[in-house]
Amino acid sequence: MTTLLDLKSSVLRQVQRSQSLRSRREPPPTAGSPLTHCPDPLPRRMSEECTEFFERMNTILQKQENMMRAAQAESQRGACTVPPPQEHVDQAFIADRISRTELDLLYEEAVYTVVNRVGVPSPEQVKSDEELFAYLLKVFDMGEEEHEITLQKVKESKRANFSLRISVMKAKNLMAKDANGYSDPYCMLGILLGQSPRETDEKKERKFSFRKRREKLEKRSSTKEVLPARCIQVTEVKPETLNPVWDEHFVFEIDDVHSDLLHLDIWDHDDDVSVAEACKKLNEVSGLRGMGRYFKQIAKSVRANGSASSSSEENADDFLGCINIPLNEIPVVGYDTWFKLEPRSSASKVQGECHLIMKLFTSQRDTTLSKKDTNVSIHRKLLTQIVEYEHTHIKREPYNWNGQVSPPAWTVLTHHAVQTDLSPLQQAIIRWQCYSSHHRTQRLCYSLLLRLLRTIDAEWDPPAVRGDLERQLSDSFRLYTEHCLCLMKNMRQVFPCSSAAAITRYELMLRGIGYMQNMRAFKTVCPLRNELHLDITTAVKKGACEWYESLIARYKPEDGTLEEQLKKLVQVVDAVCGDVQRGQNIYNKLFYSAVKVDFFSIVYRQLEKQVADDVNVAMERVCGTLEQESSRLTQTMGETIFELFMSLKILKGFREFLPLKDAKMLALTGFHNWFKSSIHKWLQIVHERSCDRIRNAVETDTFEPLQQVKHSSSAVEVAACFSQVREIWHQLAWPDSAGAFIFVTRLTDNFCSEAVCYSEMITRKIERSQLGRDHKSFTVQLCIALNDMEHVRVFLGHLPRDLDWPGVERAMEESCGPEGKEQVYKALNGQLFNMDLDLQREAKRLISLLTDKMLPELRRYIQHISLSPDSINNDDAVSPLMKYLQDTMVILTENLVKENLSRVLQSSWELLLRMILDAVTENRGVQVEFYNRFQYTVERLLQFFHAKGEGLSLEDMKSGDYKALEEELKLNKCSSFELIEQYYLEKISHQKTLKHTRYGRISVKCYYDAPEQRLTVEILHAADIIALDANGLSDPFVIVELCPHHLFPLAKSQRTQVKLKTLHPVFDELFYFHVSPEQYRHRFACLTFTVMDYDWLSTNDFAGEAVAPLSDFCWPGRPSASPAGKSVQPVILHLSRSKPSEKPIMRMLDARIGDREAQEFVRRLKEIEKSMEEE
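Numbering-wise, numbering that gives the first Met the number 0 puts 1025 at position 1026 of the sequence shown, and it's gapless, one number per residue.
Below you can see the structure in the form of structure tokens.
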């Protein structure tokens, strides 16, 4: 620690010797070095060069802000209507092309689908066969003749066999049939042959044709005409509920999809053997005879339930409602809805709804392709063909196609999926395979792919995906993932931030990848790819590395001179900063929200290390060159080094966005050490350019006030220069405490020396310009110069805050202890204090110039007041002076800032006080009117300079010379008796302050007898009297008297006996004085005790004196003024020996030659003073 402090002390001493620092020479260079070699730099006076230098510095300092602004502008530049760059990075992928033969077979499959359409089409679907065939001709590029052959073949083929898949899901709000308020519901359902109405009018009139036919049949008594049923299925019984949930699935073969009808009954189970068991057994018998027997039982139960007269039959299931659905009314995509339960007769009371899911499909297709290929494969090929055709016909933003096909395409695909009985999961997988594969050659909207993935996830059922379908899904996931990883690696070209459309696509792609890795389907079919985020991390890191290598190849920072290499490195680092900025602002949010990958940390650590390696090598070469004794840092090289430092600092600053664990060990952690020697030399260049700028500012300054301010252009320029240098330090943000201490000390010294130099140049320029100038214009110019100094002084007063002195002190305290902190405090504040003294000195020089200009006029006006006869009114005598001051004040107020106005007013006030005091002192002993006039003048001046609180404070004005002048005027206006009384008041006041003087002390006891008006004085003893004889002793005695004499004209002075050869005499003598109440009530009435040394052959010597106010003894209520006064404690009075001539009162009395009382009083005091001088 001591060594470090010694080192810093040495540096501090060098910095404080600012002259030697500023004039330090650099050795000459060698030829060919990028650092030129020259003798001591001469001051540059070319304003353009200084201006350009600081403009370049300002550009460098604003680099980070400009970079952020450019990044924001870049992200807003590309509108969504501008196409994003191409994404053809997967060059190895070749899409499968279908052969013409396969295309013909696929066309046959499509025609067969159209011909065998069933179901009610939705409004979006096409109903016309001709329109569908026309569309298919375009998709498959078929001719009319080929189409007719295929159509004829299809018509001659066997028609498709249809089946109905129905799921009975649940019911709600059923009627309660049991005593407990519930029912035990079950469903009975089957296909009724040929029961659907054929005529349109009949459909409109009959809501459920099957129910009306049943009502007719119920009226028949014979059971031979039971309802024909091809197959009847029944669900489980759900006991005690009105909202049963069955979720049971059934399949029925259909003879005629155009005329058959689905019938469903819901019953309440009431006995042990009922319709439910009968229906179950019904499906186990064979032959019409067995089936008819069971249908008789069903019909009987139905008639019993539907007839009011049969309600007495026991153990019969109760009817809860029925549903009749004609198959030709089922939509193409099937039903998935709630159906309202209907009664079977007007006597039936039912309520509630039943949820059914049903769909028609083909169980057998007579096409060539369906006999040798799976339905899944056929549908995928058909979808692929249609998607390729549809995408090629998208004119507006084909890259943003959402996969929506035309109505004919949608109609064909829907019918084919329904007819081939593809489940929603199979359809979702097929669409994903088709679109994801197509996307690799012709890009689609990523939201489409994300939507397809979500559909797969929503429909996912692992047992339904086995074999080829599972393998194909796994391959599609793998290929799409590899494609996306390749895009991530090249994202700077494929998804640039300058294109809003590209960023939107990138976000959707990442969301798709993020969604995929969490899908149940992905985890099932791709169990070995459960670490997809690692693949993403690898792709991002590799992409960053390759991008940086392309930067190096582009700028070639290893070519050229050392300065050129550094400039190219600046471009590289700036490009990296821009990339990191974009990564933090845009890409990182996308990655983290979509795939939970910290994109910024990956890219930043990779690029930061590569940049640090390259810059470190370059700076080692720079330091090696600078360490040569003949090498000096040039301005252009210094600018480049500073810019490189700032670029690295910006890059390092991005570490704040890293997690704490990643921000500890980075390659740029101590990069400032690479620049330590060069930055030190660079600050010297900045100082030289600052001096040139300040010098040029003063030379060009006309001391004209700028708009809305009271200082001139040079002050603004100097403050701007200081601000830029201060900002340079802020941007450096030197992290090392020792280095920061050195640099801050250096900068503070530079600031202070530049400010002092500026003030001196201003003062010299003002002094040169005063010749031949009128008073007003010179005063205005001088005011502006004062304001310029104050402006710079106030600016530098913020240096502790601007340069963060407390931070440097804390850092030094942590590294070097309290001694380090104290050293920093003393060094920095000492520089600032000396600078402030120098600026105040120059300001006083300027103020002196102003007051010197005012002095002749002020002297003339003071003389006018002094010589004015008593007949002239005080206002008339003072008005010339006040008029001059008011005119001057107008100029000063208009042109001075408040601080300088106070200084000038204070200086003018002090000058006037001294001039008036001199005038009064020179005229002692004149008439009272003379002093009254000057008293009036002072009061007017006091009001003028105070200006009702807007000017100088009364406290500041009523000090120093004012008090002396006030006392002088006051005393000069007093009579001789009043002066004498004031003299004794001062003596009494002084006596109270004495403690343990070297002249000794006297002990007395005084008490007053009020009835007798008699004051008794006991002089007891004295101690430590000063030795006034040659033997080292004295012969003391005490003179006691009442003072002042004009108050006690009849009182005589009395004296004690002489006590020979002692310094501690004991007197014990009593003295009596007559004192009336009118006399002792005066504050100045007192007893004086004068101790003298008795001499036989010469005058007695003065040993000391003490005074005691009579109010201490005689005032009613005092202990000494009562009959018990004799018993009071004695009073110790300390002796003093002051020269009377030193008091102003003595000089005033002495000046009153014609006043006998004054002269007598002065004579007595002079005798004492003469005695003191003779000693």
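For glycine and all other residues, C-beta sits at the position ideal for the given N, C-alpha and C.
Excluding the five sequence neighbours on either side, which residues of its own chain have a C-beta within less than 7 angstroms of the C-beta of K1169, listed in chain order? none
Tell me the rounded alpha-carbon separation between L486 and F494. 8 angstroms
With a floor of 4 residues, list each alpha helix (DSSP H) that falls wholly inside the stretch 747-816, ordered by position along the chain. 774-796, 798-801 and 804-815
Selected residue, minimal CA-CA separation from T100, among F139, P84 and V791: F139
Helix, strand or coil for P325? Go by DSSP, reduced to three states. strand
Using a Cβ distance threshold of 8 angstroms, determine whether the stretch 404-420 contacts the stretch 459-478, with at least three qualifying pairs required. no
Throw me the rounded Cβ distance for the Q830 and C751 pair, which I believe falls under 8 angstroms. 5 angstroms
Between the Cα of Q934 and the Cα atoms of L1148, M811 and K962, which residue gives the shortest distance? K962
Sort out for me which residues DSSP pairs K171 with in a bridge. E352
Terminal residues of the continuous beta strand (DSSP E) containing S677? From DSSP, S677 is part of no beta strand (DSSP E) but of the alpha helix (DSSP H) over K675 to T699.
Contact between the stretch 177-194 and the stretch 375-393 (3+ Cβ pairs under 8 angstroms): no
Alpha carbons only, please: which of H268, G189 and P238 is nearest the one belonging to D254? G189
For T454, I'd like the list of residues in its chain whose CB is within less than 6 angstroms of its CB, leaving aside the five on either flank, ordered along the chain. A427
Buried or exposed: where does P817 fall if 16 or more other Cβ atoms within 10 Å of its Cβ makes it buried? exposed
Could you give the residue range of the beta strand (DSSP E) that holds R1013? R1013 to A1022
Verify whether the separation of the beta carbon atoms of L781 and L849 is less than 9 angstroms. yes
Quick one: Cα of L978 to Cα of R1162, how far? 15 angstroms
Residues sharing a beta bridge with H1073, DSSP: R1013
For V153, which residues of its own chain have a beta-carbon under 7 angstroms away from its beta-carbon, when the five flanking residues on both sides are left out? E107, V110, Y111 and V114
Return yes when the Cβ of H1081 is within less than 9 angstroms of the Cβ of L1049, no when it is not. no
What are the start and end residues of the beta strand (DSSP E) that includes V332? Per DSSP, V332 belongs to no beta strand (DSSP E) and is neither H nor E.
Pairwise C-alpha distance: L1069 and V1057: 15 angstroms
Whole-number beta carbon distance between G333 and I356, since they are thought to touch under 8 angstroms: 7 angstroms
Exposed or buried, which one is T560 when buried takes at least 16 other CB atoms within 10 Å? exposed
Which value, in whole angstroms, describes the spacing of the CA atoms of V594 and L472? 21 angstroms
Rounded to whole angstroms, what's the CA-CA distance from V411 to H146? Just pull it up for me. 16 angstroms
Looking at the unbroken beta strand (DSSP E) that takes in V233, where does it start and where does it end? I231 to V233
So what does DSSP say about K555, is it helix, strand or coil? coil
Is there contact here, the stretch 633-653 with the stretch 593-613, by at least three beta-carbon pairs under 8 angstroms? yes
Could you spell out the range, first to last residue, of the beta strand (DSSP E) harbouring H1133? V1130 to H1133
Using the three-state DSSP reduction, which class does F1047 fall into: helix, strand or coil? coil
Under 9 angstroms between the Cβ atoms of D1178 and D177? As shown, the chain starts at 0 and ends at 1174. That puts residue 1178 outside it, with no answer to give.
Look up C1042 in the DSSP assignment and say whether it is helix, strand or coil. strand
Buried or exposed by the 16-neighbour rule on C-beta atoms within 10 Å, applied to R859: exposed
Given a threshold of 16 other Cβ atoms within 10 Å of its Cβ, counted over all protein chains shown, does P26 qualify as buried or as exposed? At P26 the pLDDT is 36, less than 50, meaning the model places this residue with poor confidence and gives no usable figure here.
Beta strand (DSSP E) containing T410: first to last residue? Looking at the DSSP string, T410 is not in any beta strand (DSSP E); the run it does join, the alpha helix (DSSP H), is P406 to Q418.
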